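Novice: Have a look at this one before I ask anything.
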Amino acid sequence: MTLRGPAELADCLPYLLGYHPSDSVVLVALHGERGRFGGRVKLGIPGSPGEWEPTARQLAECLIETSRRRDGRPDGIVLFLCREPVEGRTGRDVMEWLRPFAQRLRTACGNLDVPVFEALCISGGRFWSYCCPDERCCPVEGAALVAPGTSVLAAAATYAGVGLRGSQKQLEARLEPLSEQVSGGQRRALDGAGVDLVRGMLVGGRERRGIGDDTIALARMLMDRLAEAERITSPPLADAADDRLISDDEAAFVILGLQDRETRDRAAAWMEGPEAEPALRLWRALSRRCVGPYTEHAAAPLTLAGWVAWSTGDEPAARIALAAALRSDAEYVFALLLHQACNEGVEPEAIRKWLRQGGAEPRDLTIPGAGAATEKSGTGVPDSPGGPARPQVRSVRPAAGRPGGRKAAVRPGGQGPSAGVRGRAGGGARRSGGRTEGALGDT
Numbered sequence: 001m002t003l004r005g006p007a008e009l010a011d012c013l014p015y016l017l018g019y020h021p022s023d024s025v026v027l028v029a030l031h032g033e034r035g036r037f038g039g040r041v042k043l044g045i046p047g048s049p050g051e052w053e054p055t056a057r058q059l060a061e062c063l064i065e066t067s068r069r070r071d072g073r074p075d076g077i078v079l080f081l082c083r084e085p086v087e088g089r090t091g092r093d094v095m096e097w098l099r100p101f102a103q104r105l106r107t108a109c110g111n112l113d114v115p116v117f118e119a120l121c122i123s124g125g126r127f128w129s130y131c132c133p134d135e136r137c138c139p140v141e142g143a144a145l146v147a148p149g150t151s152v153l154a155a156a157a158t159y160a161g162v163g164l165r166g167s168q169k170q171l172e173a174r175l176e177p178l179s180e181q182v183s184g185g186q187r188r189a190l191d192g193a194g195v196d197l198v199r200g201m202l203v204g205g206r207e208r209r210g211i212g213d214d215t216i217a218l219a220r221m222l223m224d225r226l227a228e229a230e231r232i233t234s235p236p237l238a239d240a241a242d243d244r245l246i247s248d249d250e251a252a253f254v255i256l257g258l259q260d261r262e263t264r265d266r267a268a269a270w271m272e273g274p275e276a277e278p279a280l281r282l283w284r285a286l287s288r289r290c291v292g293p294y295t296e297h298a299a300a301p302l303t304l305a306g307w308v309a310w311s312t313g314d315e316p317a318a319r320i321a322l323a324a325a326l327r328s329d330a331e332y333v334f335a336l337l338l339h340q341a342c343n344e345g346v347e348p349e350a351i352r353k354w355l356r357q358g359g360a361e362p363r364d365l366t367i368p369g370a371g372a373a374t375e376k377s378g379t380g381v382p383d384s385p386g387g388p389a390r391p392q393v394r395s396v397r398p399a400a401g402r403p404g405g406r407k408a409a410v411r412p413g414g415q416g417p418s419a420g421v422r423g424r425a426g427g428g429a430r431r432s433g434g435r436t437e438g439a440l441g442d443t
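For the sequence shown, the UniProt record's numbering gives the first residue as 1, with consecutive numbering after it.
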């Protein structure tokens, strides 16, 4: 299909991504005389104008280099800035505020000898062009976006089976921690189970293997429970129903058990066939249960959710989940590997084959076309491709200022409680910062 003019470019963006982006900058590579779409990069718009220039350089370099490796050096770029106005502001206000960022992006691309053919701001149901001076197609007050689903492009996408998954915010909401108003019980369950489980995993040997076996058994039981439940088509209602089917103690045990790398890799084998859908629902539900000081623990279930989504062909949801995992823990190597492989256009079968063979560590995985992820310095115990061959688990720290209590942690199948735990456990705060979407990838 041939797109003509800014209006059709603005209309096509959600179909390129698979969802309506929120608060994002998107750069798309163009190739050849006809401007064939190639790779893309996407990032959340930095809140501080002081970050715009280095961000623009990073985005331009990332897109051009990744495109060069895959499709050849791009001949041009189209950029989109998407942000909804806050209360009391208009889309035009957003457009004017982002104008310097658009200029920095155009300059960064031009400095690498790749011109920006079009730069659009999409806000408040309208779009503006930073490049087109013709008010007949790009008026000062902006031009209205076409109604969703009514354009020729929408009809062609529907005919081709390309659907939209809603908005970026809706996809992200399925993975976000429960609100403080309802998360108190989950936090207490994580406090109660944390210290003994992590101590057992660090001790290693039979105790560590037993915790891993119990984690897998309980996760399997929860998957069966989810699979047997009534089907609900509305995503928010379906997620709420899944949350009700998993107790706080059950969620706490599996979340903490997945902090062991080998246990997580065993769980990653539920990636295809009838196991995939209940596994994806379970990982999403557990991501929502990583509350309070345990938000960093969400890296494991978020990565598993991203992996299952990618393995089953849902790349938009996969990239959202993997980006969330890396916001939770920027050094989580399994998420880094999957994120890079997805962005490089690697077929997931290479990773499925590795998991079917019982691959135990990310360093054992060779991904054609994807560079190696490397361990970065940081606190805690990183999920690294190298390092000592001791048990790899996330550290759990008792928090200060709270009297300890004793609480039994659930065991699969009613096998009895684990030993009690003293004190409150904390998992570290969620890291902030954006991650660039590689070509064909999201963050």
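For every residue, glycine included, the Cβ atom is placed at its ideal position computed from N, Cα and C.
Fair warning: this is a prediction, and the values are worked out from it, not measured in the lab.
(1) Is the CB-CB distance between Leu245 and Leu222 below 9 Å?
(2) Can you name the residues that DSSP bridges to Cys82?
(3) Just how far apart, CA to CA, sit Ile255 and Glu172?
(4) Restricting to Cα atoms, I'd like to know which of Leu98, Leu304 and Gly306 is closest to Gly130.
(5) Is it right to say Leu226 is buried, meaning 16 or more other beta carbons lie within 10 angstroms of its own, or is it exposed?
(6) Around the C-beta of Lys42, are 16 or more other C-beta atoms found within 10 angstroms, so that it is buried, or is it exposed?
(7) Arg36 by DSSP, collapsed to three states: which one?
(8) By DSSP, does Ser234 sit in helix, in strand, or in coil?
(9) Taking only runs that begin and end inside the stretch 248-332, name each unbroken alpha helix (DSSP H) of 4 or more residues, in chain order.
(10) I believe Gly76 touches Gly35 by the beta-carbon criterion, under 8 Å. Please report the beta-carbon distance rounded to the nearest angstrom.
(11) Helix or strand or just coil, what does DSSP make of Leu30?
(12) Report the residue from Leu17, Ile351, Gly124 and Gly345 whose alpha carbon sits nearest the alpha carbon of Gln168.
(13) Excluding sequence positions up to five away, which residues of its chain have a Cβ less than 8 Å from the Cβ of Gly5?
(14) Drop a sphere of 10 angstroms on the beta-carbon of Thr55, count the other beta-carbons inside from all chains shown, and report buried for 16 or more, exposed for fewer.
(15) Might you give, ordered along the chain, the residues of its own chain that have their beta carbon closer than 8 Å to the beta carbon of Leu302, omitting 5 neighbours on each side?
(16) Return the bridge partner residues of Val116 from the DSSP annotation.
(17) Can you tell me whether Pro74 sits near the ligand PLP, meaning its C-beta is under 8 Å from at least one heavy atom of the ligand?
(18) State buried or exposed for Thr263, treating a residue as buried only when at least 16 other CB atoms are found within 10 Å of its CB.
(19) Given this structure, state the Cα-to-Cα distance separating Leu145 from Arg188, to the nearest angstrom.
(20) Measuring CB to CB, does Leu258 end up less than 9 Å from Leu202?
(21) Looking only at its chain, what residues have a beta carbon closer than 6 Å to the beta carbon of Arg266, apart from the 5 residues adjacent to it on each side?
(22) Buried or exposed for Gly405, please, with buried defined as at least 16 other CB atoms from any protein chain shown within 10 angstroms of its CB.
(23) Mapping the DSSP letters down to three states, classify Val195 as helix, strand or coil.
(24) By a C-beta neighbour count over all protein chains shown, 10 Å radius and 16 as the cutoff for buried, is Asn343 buried or exposed?
(25) Any idea if Ala318 is buried or exposed, counting beta-carbon neighbours within 10 angstroms, 16 or more meaning buried?
(26) Bridge partners for Trp128 per DSSP, in chain order?
(27) Write down the C-beta distance between Phe127 and Gly142 rounded to the nearest angstrom, noting that I regard them as a contact closer than 8 Å.
(28) With distances taken between CB atoms, is the gap from Glu74 to Gly38 smaller than 9 Å?
(29) Helix, strand or coil for Ser167? Go by DSSP, reduced to three states.
(30) Thinking just about the alpha-carbon of each residue, which of Ala108, Ser67, Leu3 and Arg165 is nearest to the one in Ala309?
(31) By Cβ distance below 8 Å, which residues in the same chain neighbour Glu230 in space, the five residues on each side in sequence not counted?
(32) Where does Ala60 fall in DSSP's three states?
(33) Can you tell me whether DSSP reads Gly229 as helix, strand or coil?
(34) Under 6 Å Cβ to Cβ from Arg104, same chain only, skipping five residues before and after it: list those, please.
(35) According to DSSP, which residues form a beta bridge with Ala144?
(36) In the DSSP output, what is Ala42 paired with across the bridge?
Specialist: Let me spell this out:
(1) Cβ distance < 9 Å, so Leu245 and Leu222 count as in contact.
(2) The partner list for Cys82 (beta bridge, DSSP) reads Ser24 and Ile122.
(3) In this structure, the alpha-carbon of Ile255 lies about 19 Å from that of Glu172.
(4) It is Tyr, not Gly, that sits at residue 130 in the sequence shown. Cα-wise, what sits closest to Tyr130 is Leu98.
(5) Buried, because 16 or more other Cβ atoms sit within 10 Å of the Cβ of Leu226.
(6) Counting every other CB atom within 10 Å of its CB across the protein chains shown gives Lys42 a total of 16 or more, marking it as buried.
(7) Three-state result, Arg36: strand.
(8) DSSP places Ser234 in coil when its eight states are reduced to three.
(9) Assignment of alpha helix (DSSP H) within the stretch 248-332, counting only whole runs of 4 or more residues, yields 248-257, 261-267, 276-288, 299-311 and 315-328 in chain order.
(10) Right, their Cβ atoms sit about 7 Å apart.
(11) Leu30 falls in the strand class under three-state DSSP.
(12) Ranking the options by Cα distance to Gln168, first place goes to Leu17.
(13) Once the five neighbours on either side are set aside, the close Cβ partners of Gly5 are Cys137.
(14) It is buried - the Cβ of Thr55 has at least 16 other Cβ atoms within 10 Å.
(15) Shown here for Leu302: same chain residues with a beta carbon closer than 8 Å to its own, the five before and five after excluded, namely Leu175, Trp283, Ser287, Ala321, Leu322, Ala324, Ala325, Ser328 and Ala335 in chain order.
(16) DSSP lists Ile77 as partners of Val116.
(17) By its list of ligands, the structure shown contains no ligand whatsoever, and the ligand PLP lies outside what it can speak to.
(18) Counting Cβ neighbours within 10 Å, Thr263 comes out buried, since at least 16 surround it.
(19) About 47 Å.
(20) Contact: no.
(21) Around Arg266, the same chain offers Ile216 as residues with beta carbons nearer than 6 Å, after the five sequence neighbours per side are excluded.
(22) A caution first: Gly405 carries a pLDDT of 36, below 50, which makes its placement in the model too unreliable to give a value.
(23) If DSSP states are grouped into helix, strand and coil, Val195 belongs with the helices.
(24) Its Cβ being crowded by 16 or more others within 10 Å, Asn343 is buried.
(25) Counting Cβ neighbours within 10 Å, Ala318 comes out buried, since at least 16 surround it.
(26) Beta-bridge pairing by DSSP links Trp128 to Cys121.
(27) Indeed they touch by this definition, with Cβ atoms about 6 Å apart.
(28) The residue you asked about is not Glu; residue 74 is Pro in the sequence shown. Note that the C-beta distance between Pro74 and Gly38 is below 9 Å.
(29) Ser167 sits in a strand when the DSSP states are folded into three classes.
(30) Ala309 has its Cα closest to that of Arg165, out of Ala108, Ser67, Leu3 and Arg165.
(31) Cβ neighbours of Glu230 beyond the five flanking positions: Ala241.
(32) Shown here, Ala60 sits in a helix according to DSSP, grouped into three states.
(33) Contrary to the premise, residue 229 reads as Ala rather than Gly in this sequence. Correct three-state label for Ala229: coil.
(34) Result list for Arg104: Trp52, Glu53 and Ala56, in chain order.
(35) Arg126.
(36) As written in the sequence, residue 42 is Lys, which differs from the Ala given in the question. DSSP, once it has assigned bridges, lists Val26 as partnering Lys42.
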